[in-house]
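Q: Got a structure for you, written out below as structure tokens; questions coming shortly.
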Amino acid sequence: MSLLLHVRPVRKMHLCTVTRSLYHQGVATNLKALTEGVKIGTAMDANCDQQIIDFVYDNTYPRTSERKPIGIGLGAFSLIEDIPRFLSERVSLVAIDTDKDRVVGVAINSVLADMKLFDRPTANNGVKAYRSCVKKLQMAENVLQRKKEKRGMDLVYLGVKECFERRGLALNLAQHSIRLARERQLDFIQSVTICPQTLNILERLKFETLNKCKLMDHWIEEEKAFPNAGADDFVYLTFKML
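Residue numbers for the sequence shown follow the UniProt record's numbering, beginning at 1 and rising by one.
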């Protein structure tokens, strides 16, 4: 999956599914058949925000091992604060299992925001470390040159429910994200990912890896940002011109 998101434990998460009434209200508008019983479309109805938050929470947390770098399981964004803002841009996608009327895949997209996003104050050292790492990737000279005077979209999160893997669902969500970016007449689409499977999908779609950061070599405030990182833990910035 792509860039992981930060959930704040102070709020109780209800692991809900999309209701049938919600399905008919517009979340599934203009859906196209993907595989038997699964359809994919734009998450346009504001009432689906909580279901998508629940999906990300249910399928991402808690999945951090002791070896997993601090910050990776938390990520740079807040589920509660940022997902509704991303969804309001009308460029995110959901995959719905029509038999059980539930979300089984999500692609959260955003038209690229100001870099000040990565300078927001946080009390969590892991989140601070991850944000600094992502900002470092974004500020590399070759990345800035490719983006100069261009508008793009960020594939922030790509996830599929475990029992729906190996069906091409993540690939289709990524393909639909590219299509949406083209419909918005954007110049490029990018994604920051730590997941080798997601990187493989993006490479199949002709994304180029512009920059990468080895987490065990990333420092912040004269300390190792990710003290538990292993030799194979990288963050990749991938990029595709449209």
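Think of the CB as a built atom: it goes at the ideal place given N, C-alpha and C, for glycine as much as any other residue.
Could you tell me which residues DSSP pairs with alanine 107 in its beta bridges?
A: Leu93 and Leu158
Q: Identify the continuous alpha helix (DSSP H) that holds cysteine 213 and give its terminal residues.
A: Careful: cysteine 213 lies outside any alpha helix (DSSP H), inside the beta strand (DSSP E) at 208 to 214.
Q: Could you check if glycine 126 is buried or exposed, using at least 16 other CB atoms within 10 Å of its CB as the buried criterion?
A: Per the 10 Å Cβ criterion, buried.
Q: Can you confirm whether the segment 42 to 56 touches the segment 94 to 108 when touching is taken to mean that 3 or more C-beta pairs between the two stretches lie within less than 8 angstroms?
A: yes
Q: Classify glutamine 175 as helix, strand or coil using the three-state DSSP reduction.
A: helix
Q: The alpha helix (DSSP H) with threonine 98 in it runs from where to where?
A: For threonine 98, there is no enclosing alpha helix (DSSP H), as DSSP gives it neither H nor E.
Q: Please state the DSSP three-state secondary structure of isoleucine 194.
A: coil
Q: Hey, how far is the Cα of lysine 214 from the Cα of lysine 136?
A: 12 angstroms
Q: Does the distance from the C-beta atom of leucine 237 to that of lysine 212 stay below 9 angstroms?
A: yes
Q: In the DSSP assignment, what residue or residues form a beta bridge with glycine 152?
A: Phe188
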